[in-house]
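> Chains as they are written, first to last, in the working numbering: chain A, 514 to 817; chain B, 514 to 817; chain C, 514 to 817; chain D, 514 to 817. Glycine included, every Cβ here is placed at the ideal spot set by N, Cα and C. Computed from a prediction, not measured in an experiment: that's the story for all the values here.
4 protein chains.
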Amino acid sequence: MIRTDLAMEAGEMSKKKIPGVEITREEAAEGISRVKVTITSKEGEAALGKKIGTYVTLEAGGLACGDAVLDENCSKILADEIKSMAGDNIRGGVLVAGLGNRMVTPDALGPYVCDMVFVTRHIHEYAPDSIDERLGKVSAISPGVLGLTGLETGEIIEGIVNRIKPSLIIAIDSLASRSMERVRTTIQIADSGIAPGAGIGNKRKALDRQTLGIPVLAIGVPLVVFASTVAHDLLEAAIDKTNAREDEMQMILSRILNAPGADMIVTPKEIDKVVKDLARIISDGLNIALHKNLTLEETRRYMH
Amino acid sequence: MIRTDLAMEAGEMSKKKIPGVEITREEAAEGISRVKVTITSKEGEAALGKKIGTYVTLEAGGLACGDAVLDENCSKILADEIKSMAGDNIRGGVLVAGLGNRMVTPDALGPYVCDMVFVTRHIHEYAPDSIDERLGKVSAISPGVLGLTGLETGEIIEGIVNRIKPSLIIAIDSLASRSMERVRTTIQIADSGIAPGAGIGNKRKALDRQTLGIPVLAIGVPLVVFASTVAHDLLEAAIDKTNAREDEMQMILSRILNAPGADMIVTPKEIDKVVKDLARIISDGLNIALHKNLTLEETRRYMH
Amino acid sequence: MIRTDLAMEAGEMSKKKIPGVEITREEAAEGISRVKVTITSKEGEAALGKKIGTYVTLEAGGLACGDAVLDENCSKILADEIKSMAGDNIRGGVLVAGLGNRMVTPDALGPYVCDMVFVTRHIHEYAPDSIDERLGKVSAISPGVLGLTGLETGEIIEGIVNRIKPSLIIAIDSLASRSMERVRTTIQIADSGIAPGAGIGNKRKALDRQTLGIPVLAIGVPLVVFASTVAHDLLEAAIDKTNAREDEMQMILSRILNAPGADMIVTPKEIDKVVKDLARIISDGLNIALHKNLTLEETRRYMH
Amino acid sequence: MIRTDLAMEAGEMSKKKIPGVEITREEAAEGISRVKVTITSKEGEAALGKKIGTYVTLEAGGLACGDAVLDENCSKILADEIKSMAGDNIRGGVLVAGLGNRMVTPDALGPYVCDMVFVTRHIHEYAPDSIDERLGKVSAISPGVLGLTGLETGEIIEGIVNRIKPSLIIAIDSLASRSMERVRTTIQIADSGIAPGAGIGNKRKALDRQTLGIPVLAIGVPLVVFASTVAHDLLEAAIDKTNAREDEMQMILSRILNAPGADMIVTPKEIDKVVKDLARIISDGLNIALHKNLTLEETRRYMH
């Protein structure tokens with residue numbers, strides 16, 4: 514089983530039909546594909562290395578490249594998926610958790626999204642009479658990363674959940690991908706929470722219904738590929754095509770990747786801008802989903 | 514009673530000796546004064562508008578102006594005050610809370626301090642055998658502000674405190690001052706926690722032993738004066754010196770301060786740099802205080 | 514003569530009609546006033562302390578507060594004024610100069626505008642065949658400030674002008690205002706260039722047709738008031754209303770403003786956001802004016 | 514001839530001794546190697562693809578990893594090389610040019626260095642009597658990149674040089690490397706200027722004595738490897754070791770690297786911090802070299 518954070522990649526790697534795993538693909542809008550992987554059995558879990566649940570992947574080659582219509586369509590489809598997975602929990606109090614490290618650009622997606630989510634819980638609490646009834650009850654937190662806080666993300670979220678009792682968590686996270694084609698083009702929404710070990714910066718503990726007692730949606734976006742992954746795949750393909758010996762390949766690999774003192778990543782040169790654009794797409798999606806009949810225009814105006 | 518976040522200003526405003534209030538002033542180092550206000554009675558509380566407790570104010574005209582020796586001395590004196598106020602609690606697990614809004618420069622002091630605190634709690638938790646025994650058990654969180662999270666600072670801190678059980682909180686906050694002379698020159702450390710309503714950006718609820726169940730030290734730094742305060746004082750002085758009528762003055766004041774859509778503040782032009790420098794002074798102080806016999810050099814090296 | 518960077522303020526201070534000065538005021542759009550001051554005589558120059566030329570001031574109370582329609586209307590009116598003042602020079606090669614210091618928030622307007630101007634000169638130079646004929650020939654430079662470069666802004670601009678020979682300069686600058694009501698609500702466009710001594714951060718030398726040999730439009734936006742100005746005006750008003758003695762007032766003033774080591778300014782608390790929003794309004798105006806029949810949408814798409 | 518911006522890499526690729534090329538290697542300080550490549554003939558130029566001149570490379574595995582002593586030693590050795598290459602020109606007026614794009618983290622090294630260079634030209638110009646005689650005459654400019662200014666870096670520098678007549682340029686640039694081992698560990702100083710086509714973000718025109726009329730030192734630091742380079746090398750090694758066919762390899766390569774809409778780069782995950790640290794090391798080196806007998810402490814104090 515090859516490790517990937519995307520259920521869809523795991524599904525595609527498997528060549529034969531797996532019982533308890535269903536994969537559908539459709540065109541969700543012009544330029545946006547929607548792949549839905551449903552895992553319903555323990556056998557499916559084992560085969561894909563993913564927990565039982567629904568995993569929707571939106572794919573759009575031109576995402577976050579300045580095509581305002583495409584980006585906005587993606588926000589709307591994302592909103593539909595969130596509403597569909599959240600069900601009634603969406604009106605009871607939603608805590609958005611922006612995982613990752615604001616100081617490390619490719620890991621800053623979650624915190625950036627939180628900066629742009631339209632939060633309203635405090636208005637419900639302190640001025641319930643004045644509130645526009647279309648507004649959901651939304652709060653948002655960027656807990657930071659273990660190395661900078663000394664605290665597990667899960668500990669912080671759990672502490673807050675116990676204190677404020679939301680009915681749903683939506684966690685946003687940058688992912689490391691297996692493939693450069695996924696970077697900046699893919700958004701995954703899953704109803705099974707954050708798996709342990711995911712994320713770029715940090716090996717996280719699980720954040721899910723089991724650990725937190727309430728449903729956890731996870732939105733994940735591949736933003737980097739580890740250089741070692743690229744090199745590994747490249748050599749594997751080479752071995753496949755040739756009669757090269759694997760030990761020789763390993764030697765080549767280790768010689769080339771031996772960069773002292775650094776986790777090397779593969780990322781778009783303009784990653785600073787990519788992360789900001791993707792954060793806007795996702796926060797727009799959240800703002801549409803979490804408030805009722807509010808247009809993007811209205812949300813943006815409200816936020817001032 | 515005129516409102517100020519600095520016990521020392523409150524003390525100075527009173528012309529006569531108040532029972533249950535003791536004020537001492539000394540030269541703590543070259544260029545650094547230390548004023549200690551001790552409030553021991555309900556009568557003192559009422560007179561100064563401050564809770565029973567100890568309030569130490571360090572004053573240095575040239576602070577955060579590039580004098581490395583002065584800044585470092587200030588960090589050391591701050592460290593001594595923290596150790597003295599914290600007592601044994603300092604070794605049991607300390608949570609540093611950086612209050613304020615990272616996006617609003619004069620309110621960003623707390624989050625910036627958190628970025629530079631040397632956190633170690635996770636090493637104690639996950640690698641207890643490997644840890645340098647001089648290291649304290651430190652964690653840090655910047656909870657954000659109500660308008661961006663939908664969550665009261667106190668709710669977040671309380672949630673985390675209940676989950677991780679530290680023995681001491683140290684909260685860092687930007688203050689609004691009554692006087693431009695205080696801006697960038699003054700650091701207050703108090704053992705009575707954060708009073709309700711303090712801070713620049715946000716009216717906070719109290720953070721203290723009563724609300725959190727553990728001792729709370731508060732480090733506060735005046736970084737702005739509200740324009741209305743400056744104008745008010747100016748006119749009050751004018752009325753005092755002349756036989757002007759107060760209603761005329763109020764008219765002048767309201768005409769001049771009528772700036773639509775904005776809380777006007779008075780602040781140093783180079784506030785971006787001032788906040789960063791003060792954050793370094795305070796985080797250096799914390800790093801000296803919270804770990805035993807660790808030099809600044811060693812802390813800085815550890816943090817990489 | 515009281516010093517102000519806004520011709521309109523200078524005009525308003527004068528109570529009687531000045532020969533060679535014409536002032537008109539009109540409603541340019543809902544919520545936006547347009548005041549035009551035309552100075553045509555030496556006598557007018559002397560009376561207003563402004564050089565012969567045209568000074569248009571757009572005023573909108575709700576500017577940069579999240580009202581997208583108002584902001585966009587303001588960009589469009591600004592574009593019309595630029596086109597009207599620039600005349601044919603606009604098609605010959607325009608250099609946008611973003612004055613000020615990127616590191617000091619209230620002085621960063623000019624550099625931020627440059628970041629968002631759609632530059633095209635290099636496409637004309639290197640790919641003339643492929644260029645959309647509606648595109649003007651636009652370049653942009655943020656020269657930095659004297660204290661960080663060791664170079665006068667004028668020296669840098671002059672050097673570049675001599676090298677690339679544009680037919681028009683448009684300089685963008687943050688201004689210090691006399692009045693808090695102007696901050697964030699006012700944009701001035703003038704065809705007489707940058708006057709010596711203007712700006713927040715830096716006393717600049719003149720940038721005008723005389724020093725550079727080509728026409729210079731100046732766009733200026735009041736973003737701060739010096740604390741000393743506020744206090745001065747306040748006391749002057751007090752003296753006016755009372756029989757206070759001026760020397761006593763001066764004493765009060767100097768005592769209150771005596772803040773060591775800092776130029777104190779009065780500014781909106783959320784200045785970080787205000788500057789970004791105003792930079793967008795102005796760069797949108799430039800992008801509409803400098804390219805022919807290009808919508809904002811198209812410009813934004815082009816910029817990616 | 515394989516393309517690299519480092520003369521030393523070009524030298525090492527050649528297996529046999531080339532006439533007109535001399536390479537020496539020594540330990541410059543603990544943990545810092547110094548490789549000097551001197552090219553004195555046209556034959557050497559052709560063989561290494563580098564112009565006649567001196568190229569010194571400092572190599573230190575642990576650079577910019579928090580070892581303050583190593584970093585400071587590196588600054589000092591860099592200062593010595595600069596002084597040695599600059600000769601008397603160093604006292605006549607030095608313009609530091611920070612090439613690259615401040616908005617793209619791995620390309621921001623040059624602008625960041627400019628932010629920290631201690632500039633003094635304006636003091637010489639405007640207050641010559643008050644100046645500390647140890648201070649050199651230093652100015653600094655970050656010209657931006659073609660895509661954001663519409664201006665060639667060389668046009669801007671040439672314009673300024675013609676206007677202010679310095680006697681020496683020192684250009685700072687991020688480089689793309691051939692090898693991940695070079696990233697963050699290597700600084701090259703050359704007296705032959707900036708070669709055309711170098712740099713990460715931008716294909717630059719040459720900046721050298723021929724184009725500018727004065728000597729140009731270039732300081733270059735490898736900060737990224739293009740993903741295509743890594744993959745290419747990897748496959749070349751594989752072909753070498755196996756009897757794979759090159760066309761098959763090319764197919765693998767193009768399949769794996771086919772990432773839409775993005776130049777993929779390989780870079781350390783914490784690149785934000787790496788660039789800042791390297792900018793400090795280089796600006797410290799410049800500040801030592803460009804002023805006489807000034808300690809780092811003094812420079813830092815002066816800069817406030």
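#1: Helix, strand or coil: which one does DSSP assign to residue 720/B?
#2: In the DSSP output, what is residue 567/C paired with across the bridge?
#3: In the DSSP assignment, find the beta strand (DSSP E) that holds residue 597/B and state where it starts and stops.
#4: Counting pairs of Cβ atoms below 8 Å between the segment 568-580 of chain D and the segment 536-553 of chain D, do you hit three or more?
#5: Nearest to residue 636/D by CA position, among 664/C, 574/C, 747/C and 520/C, is which residue?
#6: For the beta strand (DSSP E) holding residue 686/C, just list the boundary residues, first then last.
#7: Below 9 Å on C-beta distance, what does residue 744/C contact in chain B?
#8: Check the Cβ of residue 665/A against every Cβ in chain D and list those closer than 8 Å, keeping chain order.
#9: In the DSSP assignment, find the unbroken beta strand (DSSP E) run with residue 652/A in it and report its ends.
#10: Would you verify that the beta carbon of residue 804/A is, or is not, closer than 7 Å to some beta carbon of chain B?
#11: Could you please give the first and the last residue of the uninterrupted alpha helix (DSSP H) stretch that includes residue 624/C?
#12: When you compare only the Cα positions, how much space is there between residue 799/A and residue 688/A?
#13: Look at the alpha carbon of residue 617/B and the alpha carbon of residue 618/A, and state the distance between them as a whole number of angstroms.
#14: Consult DSSP for residue 527/A and reduce its assignment to one of helix, strand or coil.
#15: Would you call residue 645/C buried or exposed, if buried means 16 or more other Cβ atoms sit within 10 Å of its Cβ?
#16: Could you check if residue 806/A is buried or exposed, using at least 16 other CB atoms within 10 Å of its CB as the buried criterion?
#17: Beta strand (DSSP E) containing residue 780/C: first to last residue?
#18: Taking its Cβ as the centre, do 16 or more other Cβ atoms sit within 10 Å of residue 679/B, making it buried, or is it exposed?
#19: Taking residue 577/A as part of the alpha helix (DSSP H), name the residues at either end of that continuous run.
#20: Quick check: residue 734/A and residue 779/A, are their CB atoms within less than 7 Å of each other?
#21: Quick one, which residues of the segment 562-588 of chain A are near chain D if we go by CB-CB under 8 Å, in chain order?
#22: Excluding the 5 residues preceding and the 5 following residue 542/D in the sequence, name in chain order all residues of the same chain whose CB lies nearer than 7 Å to its CB.
#23: Measure the alpha-carbon distance for residue 477/C versus residue 700/C and round it to whole angstroms.
#24: Strictly under 7 Å for the Cβ-Cβ distance: is residue 793/D near chain B by that measure?
#25: Which residue from 622/B, 641/B and 518/B puts its Cα closest to that of residue 654/B?
#26: Using a cut-off of 9 Å between C-beta atoms, extract the partners of residue 551/B located in chain A.
#27: Exposed or buried, residue 518/D, counting other C-beta atoms within 10 Å across all chains shown (16 or more means buried)?
#28: What is the DSSP secondary structure of residue 517/C, reduced to helix, strand or coil?
#29: Where does the unbroken beta strand (DSSP E) through residue 606/D begin, and where does it stop?
#30: With a threshold of 7 Å between beta-carbons, can residue 662/B be considered close to chain A, or not?
#31: Whose C-beta lies closer than 7 Å to the C-beta of residue 815/A among residues of the same chain, with five residues either side of it excluded?
#32: Report yes if the CB atom of residue 685/A is closer than 7 Å to the CB atom of residue 611/A, and no otherwise.
#33: On the DSSP bridge assignment, give the partners of residue 699/D in chain order.
#34: Going by DSSP in three states, residue 664/B sits in which element: helix, strand or coil?
#35: Below 8 Å CB to CB, which residues in the same chain sit around residue 532/C once its five sequence neighbours on both sides are set aside?
#36: Reducing DSSP to helix, strand and coil, say where residue 644/A ends up.
Put simply:
#1: Annotated three-state conformation of residue 720/B is strand, per DSSP.
#2: In the DSSP output, where bridge partners are listed per residue, residue 567/C has 551/C.
#3: Run containing residue 597/B: none in the beta strand (DSSP E); it sits in the alpha helix (DSSP H), 581-599.
#4: The segment 568-580 of chain D makes contact with the segment 536-553 of chain D: 3 or more CB pairs, one atom from each, lie closer than 8 Å.
#5: Restricting attention to 664/C, 574/C, 747/C and 520/C, the CA atom closest to the CA of residue 636/D is found in 664/C.
#6: Boundaries of the beta strand (DSSP E) harbouring residue 686/C: 681-690, taken from the DSSP string.
#7: Those are 743, 744 and 747, listed as they occur along chain B.
#8: The contact set of residue 665/A on chain D, defined by CB atoms closer than 8 Å, is empty, because the minimum CB distance reaches about 20 Å.
#9: Here the beta strand (DSSP E) through residue 652/A covers 651-654.
#10: Chain B has no Cβ within less than 7 Å of the Cβ of residue 804/A.
#11: 622-629 is the span of the alpha helix (DSSP H), which, as asked, contains residue 624/C.
#12: The alpha-carbon atoms of residue 799/A and residue 688/A are separated by roughly 19 Å.
#13: Roughly 20 Å between the two C-alpha positions.
#14: In the three-state reduction of the DSSP assignment, residue 527/A falls in the coil class.
#15: Classification for residue 645/C: exposed.
#16: Classification for residue 806/A: exposed.
#17: Taken as a continuous stretch (DSSP letters only), the beta strand (DSSP E) holding residue 780/C covers 777-781.
#18: Residue environment for residue 679/B: buried (at least 16 other C-beta atoms within 10 angstroms of its C-beta).
#19: First-last for residue 577/A: undefined, no H or E at that position.
#20: No, Cβ-Cβ distance for residue 734/A and residue 779/A is not below 7 Å.
#21: Of all residues in the segment 562-588 of chain A, only 574, 575 and 578 come within less than 8 Å of chain D when Cβ atoms are compared, listed by chain position.
#22: Excluding the 5 residues flanking it on each side, residue 542/D has same chain C-beta neighbours closer than 7 Å at 586 and 590, in chain order.
#23: Only positions 514 to 817 of chain C appear in the structure, and residue 477/C is not among them; the question remains open.
#24: Output row for residue 793/D: interface = no.
#25: The candidate whose alpha carbon is nearest that of residue 654/B is 622/B.
#26: At a beta-carbon threshold of 9 Å, none of the residues of chain A lie near residue 551/B; the nearest stands roughly 33 Å away.
#27: Residue environment: residue 518/D is assigned as buried (16 or more neighbouring CB atoms within 10 Å of its CB, all protein chains considered).
#28: Here DSSP, grouped into helix, strand and coil, assigns residue 517/C to coil.
#29: For residue 606/D, no beta strand (DSSP E) segment is defined, and its DSSP state is neither H nor E.
#30: True, the Cβ-Cβ gap to chain A drops below 7 Å.
#31: If you ignore the 5 residues before and after residue 815/A, its C-beta comes within less than 7 Å of the C-beta of 631, all in its own chain and listed in chain order.
#32: Note that the C-beta distance between residue 685/A and residue 611/A is below 7 Å.
#33: Its beta-bridge partners are 572/D.
#34: Coil, per DSSP.
#35: Listed in chain order, the non-local C-beta contacts of residue 532/C below 8 Å within the same chain comprise 554, 556 and 557, local neighbours out to five positions each way being set aside.
#36: Residue state, collapsed to three classes: coil.
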